[in-house]
Amino acid sequence: MTVTSSGQDTGTGYGRPASSHDARLTEVGPETPMGEALRRYWHPVASSSALTSDLPHRTRILGENLVVFRDGSGRPGVVFERCAHRGSSLFYGRVEEDGIRCCYHGWKFDVQGHCLEQACEPGRGLRRDVARQPWYPVEERYGLVFVYMGPPDRKPPLPRYECLENLADGESLFSEVPVPGQNVTGLVGDFNWLQAFENAMDPVHAMWLHYTHSGPQFEGTGTIGFPPSYFDPYTVSDKIRYNITTDHGLMYRQRWQRDQPDGTTADMDWCFEVQLPNIIALPDFVEVVPDRRHDCLIWIVPSDDTSYRAFMVVRAQSPDRLTRIVLGIKQNGKLFFELTEEEKQRFPGDFEAQSSQGPITQHSEETLATSDKSVVALRRMLRKMVDDVEAGRDPINVEHGQAQLRQVKSGVFTVSPGLTARSTAVAPSVADARVG
Amino acid sequence: MTVTSSGQDTGTGYGRPASSHDARLTEVGPETPMGEALRRYWHPVASSSALTSDLPHRTRILGENLVVFRDGSGRPGVVFERCAHRGSSLFYGRVEEDGIRCCYHGWKFDVQGHCLEQACEPGRGLRRDVARQPWYPVEERYGLVFVYMGPPDRKPPLPRYECLENLADGESLFSEVPVPGQNVTGLVGDFNWLQAFENAMDPVHAMWLHYTHSGPQFEGTGTIGFPPSYFDPYTVSDKIRYNITTDHGLMYRQRWQRDQPDGTTADMDWCFEVQLPNIIALPDFVEVVPDRRHDCLIWIVPSDDTSYRAFMVVRAQSPDRLTRIVLGIKQNGKLFFELTEEEKQRFPGDFEAQSSQGPITQHSEETLATSDKSVVALRRMLRKMVDDVEAGRDPINVEHGQAQLRQVKSGVFTVSPGLTARSTAVAPSVADARVG
Amino acid sequence: MTVTSSGQDTGTGYGRPASSHDARLTEVGPETPMGEALRRYWHPVASSSALTSDLPHRTRILGENLVVFRDGSGRPGVVFERCAHRGSSLFYGRVEEDGIRCCYHGWKFDVQGHCLEQACEPGRGLRRDVARQPWYPVEERYGLVFVYMGPPDRKPPLPRYECLENLADGESLFSEVPVPGQNVTGLVGDFNWLQAFENAMDPVHAMWLHYTHSGPQFEGTGTIGFPPSYFDPYTVSDKIRYNITTDHGLMYRQRWQRDQPDGTTADMDWCFEVQLPNIIALPDFVEVVPDRRHDCLIWIVPSDDTSYRAFMVVRAQSPDRLTRIVLGIKQNGKLFFELTEEEKQRFPGDFEAQSSQGPITQHSEETLATSDKSVVALRRMLRKMVDDVEAGRDPINVEHGQAQLRQVKSGVFTVSPGLTARSTAVAPSVADARVG
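Chains as they are written, first to last, in the numbering used here: chain A, 7 to 442; chain B, 7 to 442; chain C, 7 to 442.
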């Protein structure tokens, strides 16, 4: 059986130019445009609660191999992995009261890289002051250790976020992801950071990938969460306002209708904001409680050009909220680490969709459309950020002086509470989604 | 103990120039000379029977990552692996009645890459016509799906082969190799395709590697097959006519003698033809039935410069004939996937001999001899094929208009049936090989 | 909690130039400066006792892939791995009485690469003399097979070492390391050879890494071996004379004090010599018997730029002495191959310290100090060796004519036997170390 047309074939793969990625947006090593821009911000490097004084940890941020540790007096430190003396890894070092000590010859450095002792040298190192271990400033806040890897004279104050302050009675901040081996230095993804970050400004993948392609994946869908109509891929685009510029980034809003216990239908808005350079303010997609103050931030921190680490903090009564973020999407009813290869193919999720874009997606091959408006806008903002840094200007969200409390606009909000008569025409299957 | 000679050593490895491979013969990516030449031919990409509408399959041909699938209406399709929208792999796509649908945002493409729907776009994609998924023409014949990856205006008709047509009663075509995971998209070899293809024009390796080096490896040797004298390495070269140019490629013939049940000895010819660019017409090396019409073709399809996929079709009463091709050679009495590392070393077979030539053999280091005559001739024909394409000429075996039925000259033929008195002088051990 | 200082941060990792290694000292491929220099010397390639005529072995030296074998008449041979005919690996070859035979077409080569037979060629190869397999001269001595990979007209005699000759009654030479798979072609390390070689001229790592960092690692420490005072990192530097140039290399001496059974304390010297280009004369670090003739040599032979193979010979009554060299250091009381990943981090040893310096350490980032004096001196001698070869001069330890017996200066020597009254002030914990 022949499937070719009778005329000459059009649109075949033959003769296409080689594909390429947008290096300016994706590459993060020292002296790259995006790498320099990202070095103007504080980035999470460890969970405070998981980072104890027991052992140092290896990590990799913006293409640099680092060791993160907490000294015996409680100070967190981030230093180059290789010892300044002869290059052995400080991962094998010993954490002491006032610093970290290399295993090979016993040189000890404090959290600012000062050499405190050269164990086997005369006088424990008469010239130890010249042996400075490269280090980076760190600060702890909200249960995370943050690091600043940029030019010292441009170091901004560590940002503050309203959603992570003013805790109510019984609330705490949780930052330790429940994945063995990734609880200290973040959840690892093995593809370019921007693929993960852009996903937050890609509203419609929720409708297709997470609901339609292989069945509903959001835990709680149709019960305590969103009605099936929320996920209708064929009407979603009409319900979205894609590009809403905020003080600190970008937001999209999706209008939806919620059945109320009194038989009315409320107009709701799902509002999802990202803040530059790499922060995702993800509303609760499992348990919908309207008009609640936003409660979580996620950072997508590039390890290098082809991998990243995700960090997160939630303000909650219990760590369950954080577990819902990491494990709230099921594929074939299972958690991502429980899937067989065939199940991954039959029931793909975020990891399959994003990692299969490649180590760095090939931007030259993309065909962007309406639903990519926020992705396009986000890239535009990131390009401006890079341009500003190159031009010597302060990029977005870099402050001077005292840190101001930043607002986050994410959340699920009631637009018209109970005023709208239930319209089965607009959302015919809403009834199925009624609570209890 | 010293083994060096008293004078100055000659022939040592010191100071030899760096080795190299012949890129013009071996490299197959877009815009390489051989890559362009091979793109003028149809190549198998899947077994028709194994390719169902259940799931799409990843493959790689001529350095390009592709997805092959069969839509719900039965049409096979080959498209670029990355979705034209944002690059997620269509391996995670869903096969539908009329095409394949990406998991990420639900864009659907037919087998010619036309975008049929952009699920989450307004109007399901008002401008979906601009979103063409790169595709390649496919045709099915003889139980294989073939793809054409060359310039559309040069697409030849799919070749026809006499040996795979005009089936007798009870005969079928079989194309599904009995190796789990390789039954759809071919048997994978992890070295350059030419090492596997040349092996077919290397008659004497059968005598040394498969018979002498570590004992007979051909199933059936000495019983229903060839007599031991056939495999005598020390006389084989005299029995071979190396370079016989055929209409479509190259053939060698090996004269041998077969004991007949009536006590006479027949003169036989083993005729083995390859057709350009990459087709092997391997006669049955296990069950010798003289003067039978040839019944099988094997294609060595380059995946990239350092790996290939082999496809095959046999015309037979049962799939056993195909199994004999894939599993007809034993090493230490075992199948290739049953061997320990030490057994591989002690009882090497084709895989060890060819893969240890390296990812691409180093042609600059070869010392070719008499028994390599057909390898040399084959390379010469391949070079002419490349030259012709570069010069804008049609290369060998590219037709225009209707495909003509091609003849294959391989087989085991009786030259003098029973006329020769048995000569124990020529083949002293023939008696051992008598049937039954 | 903030740990940054109030002023501008100094010494951070930002803006540091890219790091680099010293290629002239470390890279060993053909035509590199160090590669050419090392090609003026004989290097061990196999243990004589472990190299039988049963099977050939793959190895890699100075960036070249080689096969080492012993033919059926007992002659060791080293040839290029790829067969001169069509490139199949001679690892799959068959060892015969007079050479090695390729599995693919039966070409046979002797230990000097002469082609003895081309099995399937007319007349078994009428022009087989042109098919020379690249080979290298080998000689056996002291239980090792040595190879010379340099220019034939510069081949020196194989060196002789006094410490491995004139065996006493009951003594033998042992060269077969008790590690499965590494007993023939050496103990493999997967980082640059110089990191392992330099370690021998790094006296103080014994005090920190092997004694202080995670507890004593030398078997026998404090009992039959050295007293704890020997390992005091804080006083060690004063006891060492770092740079003592010897006839063949470099030595350091460490003064220490040993309690004698008669209550006196003897002044002792630990003398450790390395000889160029890559020989370590390691004194017994487990069982201290003063003033004994030295009994072992270790060669660090580069496989390529990022891996090496260690060979060793000991003159001893039993192979236990050799086992003590390979397995005499315990980590957490275990052998290196018994450790979990966490134990490696908590109880690092030589492998962790040296391999974590990287595939090739980054010399541009080092901060060398007093205790690195011998490392610095060794590098200087190696640079001179490279300079000499480049300038056409004979480098150190290359002889002409008959090999002269070389002395090795390593050992543990009594400087003042029993003359010194025991001084608890100098070595307060010496009492704990008294023998039995």
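By construction, the Cβ of each residue, glycine as well, lies at the ideal position given by its N, Cα and C atoms.
- Assignment of Pro162 (chain B) by DSSP, reduced to helix, strand and coil, places it in the coil class.
- Apart from sequence neighbours up to five positions away, the residues of its chain that approach Arg264 (chain A) with a beta-carbon distance below 6 Å are Ala272 and Met274, ordered along the chain.
- Shortest Cα-Cα distance from Gln281 (chain A) to any of A:Lys340, A:Ser416 and A:Trp262 involves A:Ser416.
- Taken atom to atom, the span from the alpha-carbon of Ala409 (chain C) to that of Gly187 (chain A) is near 58 Å.
- Secondary structure remark: continuous beta strand (DSSP E) runs of at least 3 residues inside the region 306–358 of chain A, in chain order: 313–322.
- Beta-bridge partners assigned by DSSP to Gly255 (chain B): B:Gln281.
- Taking the CA atoms as reference points, His216 (chain A) sits about 32 Å from Ile402 (chain A).
- Secondary structure in the region 372–426 of chain B: the alpha helix (DSSP H) runs of 4 residues or longer, each lying completely within the stretch, are 379–396 in chain order.
- In the DSSP assignment, Leu200 (chain C) falls outside any beta strand (DSSP E) and within the unbroken alpha helix (DSSP H) covering Trp199 to Asn205.
- Under DSSP, Ala272 (chain A) shares a beta bridge with A:Arg264.
- Fully enclosed beta strand (DSSP E) runs of no fewer than 3 residues occupy 82–86, 100–102, 105–107, 113–115 and 121–124 of the region 81–141 of chain C, in order along the chain.
- Taking all protein chains in view, the Cβ of Ser243 (chain B) is crowded by 16 or more other Cβ atoms within 10 Å, so the residue is classified as buried.
- For Pro39 (chain B), no CB of chain A lies under 9 Å from its own CB, so it is not counted at the interface with that chain.
- CA-CA distance, Arg22 (chain C) to Gly105 (chain A), rounds to 22 Å.
- Counting along the chain, the unbroken beta strand (DSSP E) around Pro50 (chain C) starts and ends at Trp48 to Ser53.
- In this structure Pro184 (chain C) is exposed. Its beta-carbon is surrounded by fewer than 16 other beta-carbon atoms within 10 angstroms.
- Taking all protein chains in view, the Cβ of Asn284 (chain A) is crowded by 16 or more other Cβ atoms within 10 Å, so the residue is classified as buried.
- For Glu371 (chain B), the nearest beta carbon of chain C is closer than 9 Å to its own beta carbon.
- Checking the DSSP bridge columns, you'll see His63 (chain B) partnered with B:Val74.
- For Ser26 (chain C), no alpha helix (DSSP H) segment is defined, and its DSSP state is neither H nor E.
- The count of Cβ pairs closer than 8 Å, one atom from the region 87–94 of chain B and one from the region 156–176 of chain A, stays below three, leaving the stretches out of contact.
- The straight-line gap separating the alpha-carbon atoms of Ser53 (chain A) and Asp268 (chain A) is approximately 44 Å.
- Rounded to whole angstroms, Pro222 (chain C) and Gly339 (chain C) show a C-alpha spacing of 9 Å.
- Between Ser95 (chain C) and Gln368 (chain B), the C-beta gap is not smaller than 9 Å, which leaves the two residues out of contact.
- Taking 9 Å as the CB threshold, Leu57 (chain A) stays off the interface with chain B.
- In the structure shown, Ala56 (chain A) falls within a coil segment according to DSSP collapsed to helix, strand and coil.
- Counting the other CB atoms within 10 Å of its CB gives Glu347 (chain C) a total below 16, which places it among the exposed residues.
- Note that the C-beta distance between Ser55 (chain C) and Trp199 (chain C) is not below 9 Å.
- For Glu33 (chain C), none of the residues of chain A pass the 8 Å Cβ criterion, the least Cβ distance being about 17 Å.
- Ile366 (chain A) is bridged by DSSP to nothing; it lacks a bridge partner.
- Taking the Cα positions, Glu293 (chain A) is about 5 Å away from Gly231 (chain A).
- Taking the Cα positions, Phe237 (chain A) is about 7 Å away from Ala212 (chain A).
- A straight-line Cα-Cα distance of about 15 Å links Arg107 (chain A) and Arg81 (chain A).
- For the pair Ala316 (chain A) and Ile304 (chain A), the CB atoms are nearer than the 9 Å cut-off.
- Straight across, the Cα-Cα distance linking Ser235 (chain C) with Tyr142 (chain A) is about 38 Å.
- In this structure the region 56–66 of chain B does not touch the region 155–168 of chain B; the number of beta carbon pairs closer than 8 Å is below three.
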